[in-house]
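In full-length UniProt numbering, the protein residues as written are 1 to 197. Each residue gets a CB set at the ideal place from its N, CA and C atoms; glycine is no exception. Values in this document were obtained by computation on a predicted structure and should not be read as measured data. Take a look at the structure set out below.
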Amino acid sequence: MNTKNKSLIEELRKKVFRNPQSSDTELMELSQFFMAKEYRRNEFLVREGERWNKVFFIHKGILRLFYMDKKGREFNKGFFQEGQFVWPIAPSAQKEDSLFSIAAVEDMELSVCLFDPFCSWLKQHHYWDKFALSEVEAFVEQKFVREHEFLMYSATERYHSFCAQYPGLVKRVPDYHLASYIGISNVSLSRIKNASF
(Lines of atoms letter the chains of each structure in order from A and count residues from 1; the text may use other names and numbers.)
(Lines give C-alpha, C1' and ligand atoms only; values in the text may rest on other atoms or scores of the structure.)
Protein backbone atom coordinates (compact mmCIF):
# COMPACT_ATOMS: atom_id res chain seq x y z
CA MET A 1 0.00 0.00 0.00
CA ASN A 2 1.49 3.37 -1.01
CA THR A 3 1.72 6.45 1.19
CA LYS A 4 -1.31 8.17 -0.36
CA ASN A 5 -3.54 5.16 0.18
CA LYS A 6 -2.39 4.91 3.79
CA SER A 7 -3.13 8.60 4.30
CA LEU A 8 -6.59 8.26 2.75
CA ILE A 9 -7.45 5.19 4.82
CA GLU A 10 -6.35 6.82 8.07
CA GLU A 11 -8.47 9.89 7.36
CA LEU A 12 -11.43 7.71 6.41
CA ARG A 13 -10.98 5.93 9.74
CA LYS A 14 -10.87 9.19 11.73
CA LYS A 15 -13.29 11.46 9.89
CA VAL A 16 -15.71 9.16 8.12
CA PHE A 17 -15.88 6.03 10.28
CA ARG A 18 -14.94 8.00 13.42
CA ASN A 19 -13.75 4.80 15.04
CA PRO A 20 -10.10 3.74 15.54
CA GLN A 21 -11.25 0.11 15.56
CA SER A 22 -13.01 0.33 12.19
CA SER A 23 -13.05 -2.81 10.08
CA ASP A 24 -10.09 -2.93 7.71
CA THR A 25 -12.32 -4.71 5.22
CA GLU A 26 -14.80 -1.82 5.19
CA LEU A 27 -12.01 0.74 5.02
CA MET A 28 -10.47 -0.98 2.02
CA GLU A 29 -13.87 -1.33 0.38
CA LEU A 30 -14.66 2.37 0.72
CA SER A 31 -11.16 3.42 -0.33
CA GLN A 32 -11.69 1.59 -3.64
CA PHE A 33 -14.16 4.29 -4.66
CA PHE A 34 -11.29 6.80 -4.83
CA MET A 35 -8.90 7.40 -7.71
CA ALA A 36 -5.65 9.36 -7.62
CA LYS A 37 -5.81 12.67 -9.46
CA GLU A 38 -3.42 15.59 -9.93
CA TYR A 39 -4.29 19.19 -10.74
CA ARG A 40 -1.98 22.01 -11.75
CA ARG A 41 -2.02 25.44 -10.11
CA ASN A 42 -5.08 27.45 -11.19
CA GLU A 43 -6.71 24.41 -12.81
CA PHE A 44 -10.45 24.09 -12.22
CA LEU A 45 -11.87 21.13 -10.31
CA VAL A 46 -15.44 22.40 -10.69
CA ARG A 47 -16.68 25.35 -12.75
CA GLU A 48 -19.65 27.53 -11.96
CA GLY A 49 -22.66 26.08 -13.75
CA GLU A 50 -21.36 22.52 -13.63
CA ARG A 51 -22.67 19.80 -11.35
CA TRP A 52 -20.39 19.28 -8.35
CA ASN A 53 -20.67 15.54 -7.96
CA LYS A 54 -17.32 14.55 -6.45
CA VAL A 55 -15.65 14.08 -3.08
CA PHE A 56 -12.08 15.37 -2.90
CA PHE A 57 -9.49 14.29 -0.34
CA ILE A 58 -6.40 16.50 -0.38
CA HIS A 59 -3.01 14.83 -0.07
CA LYS A 60 -1.03 17.87 -1.21
CA GLY A 61 -1.88 21.46 -2.04
CA ILE A 62 -4.62 24.01 -1.44
CA LEU A 63 -7.89 24.55 -3.25
CA ARG A 64 -10.25 27.50 -3.12
CA LEU A 65 -13.98 27.99 -3.60
CA PHE A 66 -14.92 31.26 -5.25
CA TYR A 67 -17.63 33.26 -6.98
CA MET A 68 -17.05 35.32 -10.12
CA ASP A 69 -19.23 38.28 -11.07
CA LYS A 70 -20.12 39.47 -14.57
CA LYS A 71 -17.07 41.74 -14.62
CA GLY A 72 -14.74 38.82 -13.96
CA ARG A 73 -14.00 39.78 -10.36
CA GLU A 74 -13.43 36.83 -8.04
CA PHE A 75 -14.63 36.54 -4.44
CA ASN A 76 -13.05 33.72 -2.45
CA LYS A 77 -15.39 31.93 -0.05
CA GLY A 78 -13.09 29.30 1.40
CA PHE A 79 -9.78 27.44 1.32
CA PHE A 80 -9.04 23.77 1.98
CA GLN A 81 -5.68 22.07 2.49
CA GLU A 82 -3.96 18.76 3.20
CA GLY A 83 -5.92 16.18 5.19
CA GLN A 84 -9.35 17.62 4.42
CA PHE A 85 -12.34 16.13 2.64
CA VAL A 86 -14.20 18.55 0.37
CA TRP A 87 -17.68 17.62 -0.80
CA PRO A 88 -21.02 19.29 -1.62
CA ILE A 89 -22.42 19.72 1.89
CA ALA A 90 -25.56 21.74 1.08
CA PRO A 91 -28.46 19.73 -0.40
CA SER A 92 -28.80 22.27 -3.22
CA ALA A 93 -25.11 21.83 -4.05
CA GLN A 94 -25.69 18.09 -4.40
CA LYS A 95 -28.64 18.42 -6.77
CA GLU A 96 -28.18 21.64 -8.74
CA ASP A 97 -25.51 23.26 -10.89
CA SER A 98 -22.77 24.87 -8.82
CA LEU A 99 -23.08 28.56 -8.01
CA PHE A 100 -19.31 28.85 -7.56
CA SER A 101 -16.07 27.40 -8.89
CA ILE A 102 -13.37 25.31 -7.25
CA ALA A 103 -9.75 25.66 -8.37
CA ALA A 104 -6.25 24.69 -7.29
CA VAL A 105 -4.20 27.38 -5.56
CA GLU A 106 -1.10 25.18 -5.83
CA ASP A 107 -0.22 22.02 -7.73
CA MET A 108 -2.36 19.38 -6.07
CA GLU A 109 -2.47 15.65 -5.41
CA LEU A 110 -5.93 14.32 -4.55
CA SER A 111 -7.98 11.20 -4.10
CA VAL A 112 -11.31 11.69 -5.87
CA CYS A 113 -14.55 9.73 -5.96
CA LEU A 114 -18.12 10.30 -7.12
CA PHE A 115 -20.35 11.70 -4.39
CA ASP A 116 -23.47 9.59 -4.98
CA PRO A 117 -21.90 6.12 -4.55
CA PHE A 118 -19.80 7.44 -1.64
CA CYS A 119 -22.93 8.71 0.11
CA SER A 120 -24.94 5.57 -0.70
CA TRP A 121 -22.22 3.29 0.68
CA LEU A 122 -22.01 5.25 3.93
CA LYS A 123 -25.78 5.22 4.36
CA GLN A 124 -25.94 1.50 3.63
CA HIS A 125 -23.29 0.81 6.28
CA HIS A 126 -24.76 3.31 8.79
CA TYR A 127 -21.82 5.73 8.80
CA TRP A 128 -23.41 8.65 6.98
CA ASP A 129 -25.13 10.38 9.91
CA LYS A 130 -22.01 10.67 12.07
CA PHE A 131 -19.81 11.75 9.18
CA ALA A 132 -22.26 14.30 7.77
CA LEU A 133 -23.19 15.77 11.17
CA SER A 134 -19.56 16.33 12.13
CA GLU A 135 -18.75 17.95 8.77
CA VAL A 136 -21.84 20.15 8.81
CA GLU A 137 -21.16 21.30 12.39
CA ALA A 138 -17.61 22.31 11.44
CA PHE A 139 -18.89 24.09 8.32
CA VAL A 140 -21.57 26.02 10.23
CA GLU A 141 -19.11 27.00 12.96
CA GLN A 142 -16.67 28.37 10.38
CA LYS A 143 -19.44 30.34 8.67
CA PHE A 144 -20.68 31.68 12.01
CA VAL A 145 -17.20 32.94 12.93
CA ARG A 146 -16.65 34.48 9.50
CA GLU A 147 -20.02 36.25 9.55
CA HIS A 148 -19.27 37.67 13.02
CA GLU A 149 -15.88 38.92 11.87
CA PHE A 150 -17.29 40.59 8.74
CA LEU A 151 -19.93 42.39 10.79
CA MET A 152 -17.87 43.30 13.85
CA TYR A 153 -14.16 43.33 12.92
CA SER A 154 -12.07 45.86 11.06
CA ALA A 155 -10.11 44.71 8.00
CA THR A 156 -6.95 44.62 10.11
CA GLU A 157 -8.65 42.49 12.75
CA ARG A 158 -9.98 40.12 10.08
CA TYR A 159 -6.48 39.70 8.67
CA HIS A 160 -4.93 38.97 12.06
CA SER A 161 -7.74 36.56 12.88
CA PHE A 162 -7.09 34.67 9.65
CA CYS A 163 -3.37 34.53 10.47
CA ALA A 164 -4.15 33.12 13.91
CA GLN A 165 -6.64 30.54 12.64
CA TYR A 166 -4.74 29.44 9.54
CA PRO A 167 -1.02 30.21 9.99
CA GLY A 168 -0.02 27.66 7.36
CA LEU A 169 -2.32 29.11 4.72
CA VAL A 170 -1.07 32.68 5.18
CA LYS A 171 2.36 31.64 3.92
CA ARG A 172 1.02 29.75 0.90
CA VAL A 173 -2.07 31.58 -0.35
CA PRO A 174 -1.27 34.53 -2.68
CA ASP A 175 -2.09 37.91 -1.19
CA TYR A 176 -4.72 38.73 -3.83
CA HIS A 177 -6.65 35.57 -2.89
CA LEU A 178 -6.31 36.31 0.82
CA ALA A 179 -7.44 39.92 0.30
CA SER A 180 -10.53 38.71 -1.54
CA TYR A 181 -11.36 36.28 1.26
CA ILE A 182 -11.25 38.92 4.00
CA GLY A 183 -13.12 41.42 1.84
CA ILE A 184 -10.51 44.06 0.99
CA SER A 185 -8.33 45.08 -1.95
CA ASN A 186 -4.83 43.75 -2.47
CA VAL A 187 -3.48 47.27 -1.91
CA SER A 188 -5.27 47.50 1.45
CA LEU A 189 -3.86 44.14 2.49
CA SER A 190 -0.34 45.31 1.63
CA ARG A 191 -0.82 48.35 3.87
CA ILE A 192 -2.08 46.18 6.72
CA LYS A 193 0.87 43.80 6.38
CA ASN A 194 3.38 46.66 6.23
CA ALA A 195 1.84 48.26 9.33
CA SER A 196 2.11 44.94 11.17
CA PHE A 197 5.90 44.81 10.93
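Excluding its 5 nearest sequence neighbours in each direction, Ala179 has C-beta neighbours in its own chain below 8 Å: Ser185, Asn186, Ser188, Leu189, listed in chain order. Along the length of the region 125 to 160, whole alpha helix (DSSP H) runs at least 4 residues long occupy 128 to 152, reported in chain order. Short of 8 Å from the beta carbon of Leu8, and not among the five residues preceding or following it, lie these beta carbons of its own chain, in chain order: Ser31, Phe34, Phe57, His59, Ser111. Linking Ser101 to Phe131 through their CA atoms gives a straight-line distance of about 24 Å. The beta carbon of Asp129 lies closer than 7 Å to none in the same chain, with the five residues before and after it left out.
Looking at the backbone, the Cα of Asp69 and that of Glu48 are separated by about 11 Å.
Non-local beta-carbon contacts of Glu109 in its own chain, meaning distances under 6 Å to residues more than five positions away in sequence, involve Glu38, His59, Lys60 in chain order. Under the 10 Å beta carbon count, Val16 is surrounded by 16 or more other beta carbons and is classified as buried. Listed in chain order, the non-local C-beta contacts of Glu137 below 7 Å within the same chain number zero, local neighbours out to five positions each way being set aside. At the C-beta level, Ala103 and Arg64 come within 8 Å of one another.
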